[in-house]
Each structure stands twice: as structure tokens, then as C-alpha cells.
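Residue numbers (full-length UniProt numbering), protein chains in the order written: chain A, 1 to 341; chain B, 1 to 247. Notes for the one structure printed next.
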Amino acid sequence: MESNDNNLTNINIEIFSPQKRMKLKHYQQQHTQVKAEDNDIIMESEESELFSSKRLVIPGQIISREGEYLKGHGTFHNGSNLIASVCGTLDKVDRLISVKALKSRYHGEVGDIIVGRITEISSKRWKVDVNSRLDYILMLSAINLPGGIQRRRTSADELQMRNFFVENDLVYAEVQMIMGDGSVAIHTRNQKYGKLQNGHFMKVTPSLIKRSKQHFYSLECGVDVILGLNGYIWIADTEQQKNQSAFIQKHEKENFDQACIIPDDIKQISKDSRDRISRVKNSIALLEKGFLLIHSKSIMQVYHLSNKMKLGAKDLLHPQYIKQILTLLSTEYNDDIKDEE
Amino acid sequence: MSKLSYISPEGLRIDGRRANELRRINIQMGVSNRADGSAYYEQGNTKIIAAVYGPREISVSGQSIFDRAIVKCEFATSSFSTTERKPQQKTKGDRATTEISNLVKQAFESTIQTHLYPRSQINIYIQVLQSDGGLKAAAINASTLALIDAGISMKDFVCAVSTSCIDGVAVLDLNHIEERSGGPDCLLSIQPQIGGVISLNMDSKVPQDLFESVLELGEKGCKKIFSILSDQVKKYSTDLISNQLKI
Numbered sequence: 001m002e003s004n005d006n007n008l009t010n011i012n013i014e015i016f017s018p019q020k021r022m023k024l025k026h027y028q029q030q031h032t033q034v035k036a037e038d039n040d041i042i043m044e045s046e047e048s049e050l051f052s053s054k055r056l057v058i059p060g061q062i063i064s065r066e067g068e069y070l071k072g073h074g075t076f077h078n079g080s081n082l083i084a085s086v087c088g089t090l091d092k093v094d095r096l097i098s099v100k101a102l103k104s105r106y107h108g109e110v111g112d113i114i115v116g117r118i119t120e121i122s123s124k125r126w127k128v129d130v131n132s133r134l135d136y137i138l139m140l141s142a143i144n145l146p147g148g149i150q151r152r153r154t155s156a157d158e159l160q161m162r163n164f165f166v167e168n169d170l171v172y173a174e175v176q177m178i179m180g181d182g183s184v185a186i187h188t189r190n191q192k193y194g195k196l197q198n199g200h201f202m203k204v205t206p207s208l209i210k211r212s213k214q215h216f217y218s219l220e221c222g223v224d225v226i227l228g229l230n231g232y233i234w235i236a237d238t239e240q241q242k243n244q245s246a247f248i249q250k251h252e253k254e255n256f257d258q259a260c261i262i263p264d265d266i267k268q269i270s271k272d273s274r275d276r277i278s279r280v281k282n283s284i285a286l287l288e289k290g291f292l293l294i295h296s297k298s299i300m301q302v303y304h305l306s307n308k309m310k311l312g313a314k315d316l317l318h319p320q321y322i323k324q325i326l327t328l329l330s331t332e333y334n335d336d337i338k339d340e341e
Numbered sequence: 001m002s003k004l005s006y007i008s009p010e011g012l013r014i015d016g017r018r019a020n021e022l023r024r025i026n027i028q029m030g031v032s033n034r035a036d037g038s039a040y041y042e043q044g045n046t047k048i049i050a051a052v053y054g055p056r057e058i059s060v061s062g063q064s065i066f067d068r069a070i071v072k073c074e075f076a077t078s079s080f081s082t083t084e085r086k087p088q089q090k091t092k093g094d095r096a097t098t099e100i101s102n103l104v105k106q107a108f109e110s111t112i113q114t115h116l117y118p119r120s121q122i123n124i125y126i127q128v129l130q131s132d133g134g135l136k137a138a139a140i141n142a143s144t145l146a147l148i149d150a151g152i153s154m155k156d157f158v159c160a161v162s163t164s165c166i167d168g169v170a171v172l173d174l175n176h177i178e179e180r181s182g183g184p185d186c187l188l189s190i191q192p193q194i195g196g197v198i199s200l201n202m203d204s205k206v207p208q209d210l211f212e213s214v215l216e217l218g219e220k221g222c223k224k225i226f227s228i229l230s231d232q233v234k235k236y237s238t239d240l241i242s243n244q245l246k247i
């Protein structure tokens, strides 16, 4: 029960210092009492401590024998024993115990902002790959018609579905609802959602992307980033995307019944911004390699560090520099804590 | 010497081990970044890579089961993995290969909590890089690690080891030469923590009076392998999360 009390104090501290939480740290039950100076010494012993204190568990490990807890995700009952079924961090909320796997596929919740790829067109719906255990469904009635017209979808619309999205298109969408049979519907009924074009796509482990109010960022370096909660990430040039959406809007107003073909001069991206995009991409890849949370702050931290170190965008993922940057990140963070104190 | 002696008078086997000793095990997890989970597994000279994809959308429509996931397994040996170089076509789909993939598939169908992933499929791909006996056991152990890396819910680890009896002595973890001795090749796979035997396969008969000692040795071997695997899993996950802890 002692660790339970510990938990509560931790939660309090997290609430009162949102600044600290926004840093790269997500791991909740962490050393709030530990001072920054002796951080390294603690780490030595923590290796085994994480497991002996049952903050990390492996599949098949018994969490509790008495049946005093309720089973949450990642656990199951075997007789009176509560047993973990995945390898990951243990979460205790009151009497409910759940285990969050370190890596796993995306599991959708209503309102999540995601990036997906169209895999199939069937009657009145698209199937979208979102790195989940099933493809999600995008209904014809759940998209914005060009020009934002509000009307019933007719059979003519159904025949023209390929004008909106074809296979392998990337879409930016939101989870609409979870149906009774477990399948999930998404929608793009908002100006900002829709097809993604002329940019860079990458995939990370979904557990590294934190739920927050915002998942679309225009970074200060002139790069747009969409961090889909499903681990799919879209990176593009801000300026180019702005021109492109202006062109599409104009096109839709004038002749909305024709497919929109974007001319080459709008597709154009300068060498400079290509370089910035690849630097952002590699910064994210580096964060994933270090298993650190990915959000606009952490991306920019790595971005600036790599600039400061005068690394080319392609050198960022050299094993030696990865290590160097990761240590720099942790020292920077520890300095911040000292400053606050 | 007309007959190869598998155990010397001093009680040492051909490669210098004693009858109850395992070969050195070397593990690396998360080796492939395209797969959902992957592991490299080395036991003596046997080297294997396992990759897990899924749970994901069913690839062949009509195969889906409404209340659980299907598990598929593909086992392949590289043409350069054995002493004789086989053409690629022959290594795929022959009897031995299909047998091992079915074995792995069955072992994990009962261990993965498939009811949590209805209408989806989980693929396990196993590639043998170097083969020196104990392929079945190594394939199962490597798949366990890859599935854990993929974050798929399982009741327990599955740990497997091959045992046999040669010249009336129970022997653990056979290498290639010992496998060809003509003795019974007995594969035991268990769930070490919640308890229970997943499979016990015998290629030929084990004498009744020796069976118990063979089984006991196998169980001990599985437990030992479990402690090695779990140590590695713990180390791997601590390593993964250590950066988050530092920051």
C-alpha cells in the first residue's frame, strides 16, 4: 500500500507543475523526490528496482495474489492471481490495475486525431490503415464535399468516390465513433482535415505520441508537423501547404465537380525547406530511437541541438551523434530543474 | 573407431558440455524497425531471427474469425544456413519446414490472448541464419521474444528445449551431430510461470524407464531458458525506458 500513497503524491505534483510535465518525460511514477544531482547514482540501482518494485512487469508475472485488485488492460485473472499479459509499466488507479505495453499497436478513442492511408474502396466507404489491429472506416457521408456543400450523398457521389480519395492517399482525420462490433469510424468533416499532399510521411511507435490538445504544429523553422496519435506523422513545408490549400479552395469554388490537379509551380519546394523537413524528420527518428516522447518542444530541442552542433540533416542519425544528443538532452533538462529550484 | 561416441568416459559431450548443460544463449530484441516486434536469438551455433507483424487487418478476406485473432507462422531456413547449400525452392514448404511452422503456430495460438484481437491476424516470420540443431526450440523461444516486443497480450512466456537420451543418459539441448545420433529427439515447451506444458513432441520412442528423467531434465532446461529470456526482456525494457527516466 505504501507505493499506492506514493502514487497519489506524485499525481499532485504533476498537476501543480504542468511545465515539468511537458518536457520529454512521460513516465508517471517517477522520482519526483529524487534530486537532479544524484540522478545518475539512482539510475544504477534502478535497473533492478524497476522490476522488484513492480513498476515494470513481464508477461506472466503475478501482480497480486489476494484478488484485492480489479483487472484492467494488459492483465488477466488466473484463479485468484492477477497476472500481467504484456511487458510494460504498471498503472494503479485506486483498485484498478492496468499494464501499458512499451510498444504496441494503436488503439483508437473518440476524438483522436490521426493520419491514415487509404487501403481499399468499397461501397460508400473507404478503408483506412491507421496502424491499428483493424482498418478504420471512412464513410462517404463523413467527408467534406468540395466547396463545403451540405447535402445528402447521392449515388452519383458514390460513383465518383475516386475523385475524393484513391488507394494509397494519406488522410488527416479524427476518430468519430467506435461501433458495437469493435470497428471504428473516422471523419474528415472539418476544413483542416482531408487529403495530405506534397510532404513527408513517417511512422513511429504510437506510445511515444502524447495525447494533447493540439496535434498540428507549425514549427518555428517553417515546417508543418502533424503528429497523428496512431504514430503516423506528416511533415510538410508551411509556405507550400498554405499556397496549396489556397489553390484547392479556389478550385473548389470555381469548378467543384472536377478532380483537382495541383500544378507543378505550387508543388515546388525549395532545397532549403527540403533540408529543414529532413532535419525535422531525423529529429523525430532520433527521439524514437531514444524512446523519448515526441511533441513540438522535444522536436525543436533536438532540431536546435543539431543545428548548434553543426550537423548536416543526414548525419543526425549516426549512432555516435544519437548518443551525444541524447546525453545533451538529459543534461539540459536537469539544468532546467535546477533553475526552477 | 567404428561408432562415434557421443559421451566420453569423463561424461563430456562432443562439444565439451556435460549432459545437463545448455549452449550459450545470446539475445537481442527490437532488431527490425519495420516489424511490430522482432528478436535475434542465438543458441550455440544456431542463429535465428523472428519478426512479428500485427495484430493487423486480415490479408485474405474470408479467413477472419469474429471472436478472435488468427495466428500465422512462416518458418524459413536460409540456403546458407546448413553445411550443404540447398537451392532456395527446396527449403520452402518441405515437410520439416511446415512441421515447425505448425508447431510454433499451435504453441502461440494457445498462449496469445487471441480473444482480445477479434477479426485480425498475427504473423510470425522466422528465418534461420545458421542451423546447428534445436531449431524447433530456438524458433519458439525467438517468437516469444518477438511477440513480447510487439506488445501482444500473452498468458505467459513459452520456453522450449530439446532433450534426448544417448547411450542411456538423458541429454539436454542437442546440437546437429547429436540430433543425427538416431536417439529420440524430444521437444518440450512449457509456460514457466503459470505452469503447464504447451507441447511434448517425440520423434521416436524414449525408453520408459528413462522417460521421467528426460522430462525432468527438459523441464529444468526450460526453466533455465526462461530465466535467461526474462532477464533479457527486463534489461531491454529498462534500457528502452531509461532515457525517459533520465529526462
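Think of the CB as a built atom: it goes at the ideal place given N, C-alpha and C, for glycine as much as any other residue. Predicted model, so just to flag it, every value in this text is computed and none were measured.
Starting from residue i, find everything on chain A with Cβ-Cβ shorter than 7 Å and list it in chain order.
{"i": "Ser-38(B)", "result": "Here the premise fails: no neighbours, minimum Cβ distance about 11 Å."}
{"i": "Tyr-53(B)", "result": "Chain A residues near Tyr-53(B): none, gap ~10 Å exceeds 7 Å."}
If you draw a straight line from the alpha carbon of residue i to that of residue j, how long is it in whole angstroms?
{"i": "Gly-183(B)", "j": "Leu-316(A)", "result": "55 Å"}
{"i": "Gln-106(B)", "j": "Gln-191(B)", "result": "14 Å"}
{"i": "Asp-169(A)", "j": "Ile-209(A)", "result": "22 Å"}
{"i": "Arg-85(B)", "j": "Ser-79(B)", "result": "6 Å"}
{"i": "Asp-38(A)", "j": "His-115(B)", "result": "Summary for Asp-38(A): the model assigns pLDDT 37, below 50, so the residue's position carries little reliability, and this model does not support an answer."}
{"i": "Arg-95(B)", "j": "Arg-18(B)", "result": "32 Å"}
{"i": "Leu-134(A)", "j": "Ile-140(B)", "result": "26 Å"}
{"i": "Glu-47(A)", "j": "Ala-39(B)", "result": "Model confidence at Glu-47(A) stands at a pLDDT of 48, short of 50, so the residue's coordinates are unreliable; what they give is reported in the following sentence. Taking the straight line joining both Cα atoms gives about 21 Å."}
{"i": "Cys-87(A)", "j": "Val-223(A)", "result": "36 Å"}
{"i": "Asn-175(B)", "j": "Lys-223(B)", "result": "19 Å"}
{"i": "Glu-188(B)", "j": "Ala-160(B)", "result": "The question names Glu, but residue 188(B) is Leu in the sequence shown. Straight-line Cα distance between these residues: approximately 6 Å."}
{"i": "Lys-235(B)", "j": "Ile-241(B)", "result": "10 Å"}
{"i": "Cys-186(B)", "j": "Asn-201(B)", "result": "6 Å"}
{"i": "Thr-97(B)", "j": "Ser-81(B)", "result": "14 Å"}
{"i": "Ser-330(A)", "j": "Leu-145(B)", "result": "30 Å"}
{"i": "Tyr-6(B)", "j": "Ala-76(B)", "result": "29 Å"}
{"i": "His-215(A)", "j": "Ile-284(A)", "result": "14 Å"}
DSSP beta-bridge partners for residue i?
{"i": "Tyr-40(B)", "result": "Gln-28(B) and Ile-49(B)"}
{"i": "Thr-83(B)", "result": "In the DSSP output, where bridge partners are listed per residue, Thr-83(B) has none listed."}
{"i": "Arg-13(B)", "result": "Ile-7(B)"}
{"i": "Tyr-333(A)", "result": "Paired residue(s): none; Tyr-333(A) is not in a bridge."}
{"i": "Glu-120(A)", "result": "Lys-127(A)"}
{"i": "Leu-75(A)", "result": "Note that residue 75(A) corresponds to Thr in the displayed sequence, not to Leu. Ala-84(A)."}
{"i": "Ala-101(A)", "result": "Gly-88(A)"}
{"i": "Glu-57(B)", "result": "Ser-120(B)"}
{"i": "Leu-72(B)", "result": "In the sequence as displayed, the identity of residue 72(B) is Lys instead of Leu. DSSP, once it has assigned bridges, lists Asn-123(B) as partnering Lys-72(B)."}
{"i": "Lys-195(A)", "result": "Val-171(A)"}
{"i": "Val-115(A)", "result": "Tyr-172(A)"}
{"i": "Val-184(A)", "result": "Ile-178(A)"}
{"i": "Thr-77(B)", "result": "Val-128(B)"}
Report the neighbours of residue i on chain B: residues whose CB is nearer than 7 Å to its CB, in chain order.
{"i": "Pro-59(A)", "result": "Ile-148, Met-154, Asp-156 and Phe-157"}
{"i": "Ser-85(A)", "result": "Gln-113, Ser-153, Met-154 and Lys-155"}
List, in order along the chain, the chain B residues whose C-beta lies closer than 8 Å to that of residue i?
{"i": "Phe-291(A)", "result": "Leu-240, Ile-241, Asn-243 and Gln-244"}
{"i": "Asp-135(A)", "result": "Glu-57"}
{"i": "Leu-326(A)", "result": "Asn-243"}
Residues of chain B with a CB under 9 Å from the CB of residue i: which are they?
{"i": "Lys-103(A)", "result": "Gly-30, Asp-36, Gly-37, Asp-149, Ala-150, Gly-151 and Leu-240"}
{"i": "Leu-96(A)", "result": "Those do not exist, as Leu-96(A) stays about 17 Å from chain B at its closest Cβ, beyond 9 Å."}
{"i": "Ser-76(A)", "result": "The amino acid at residue 76(A) is misidentified as Ser; the sequence shows Phe. Residues of chain B passing the Cβ test: Gln-113, Ser-153 and Lys-155."}
At 9 Å on the CB atoms, spell out the chain A contacts of residue i, in chain order.
{"i": "Ser-227(B)", "result": "None at all; the shortest Cβ gap to chain A is about 12 Å."}
Starting from residue i, find everything on chain D with Cβ-Cβ shorter than 7 Å and list it in chain order.
{"i": "Ser-237(B)", "result": "Chain labels in this structure do not include chain D; the protein chains are A and B."}
Which chain A residues sit within Cβ distance under 8 Å of residue i?
{"i": "Ser-230(B)", "result": "Ile-58"}
### Message
I'd like the ranges of any beta strand (DSSP E) spanning at least 3 consecutive residues and lying wholly in the UniProt domain "Exoribonuclease phosphorolytic" (156-221) of chain B.
### Response
159-166, 169-172, 186-190 and 197-202
### Message
So if I threshold CB-CB distances at 9 Å, which residues from the segment 52-82 of chain B count as touching chain A?
### Response
Gly-54, Pro-55, Arg-56, Glu-57, Ile-58, Phe-66 and Ala-69
#### Entry: Contact residues within the UniProt domain "Exoribonuclease phosphorolytic" (156-221) of chain B, judged by C-beta distance below 9 Å to chain A
Asp-156, Phe-157, Gln-191, Pro-192, Gln-193 and Ile-194
#### Entry: alpha helix (DSSP H) segments (min. 4 residues) lying fully within the segment 218-288 of chain A
238-254 and 264-267
### Task
Taking a Cβ distance cut-off of 7 Å, strictly less, list which residues of the segment 4-20 of chain B are near chain A, in chain order.
none
### Task
Please list the residues of the segment 118-132 of chain B that have a C-beta atom closer than 7 Å to any C-beta atom in chain A, keeping them in chain order.
Pro-118, Arg-119 and Ser-120
### Query
In the segment 169-189 of chain A, which residues sit with their C-beta less than 7 Å from some C-beta in chain B, listed in chain order?
Gly-182
### Interface residues of the segment 212-234 of chain A facing chain B [CB-CB below 9 Å]
none
### Message
Give me the subset of the segment 306-333 of chain A whose CB atoms are less than 7 Å from a CB atom of chain B, sorted by chain position.
### Response
Leu-326, Leu-329, Ser-330 and Tyr-333
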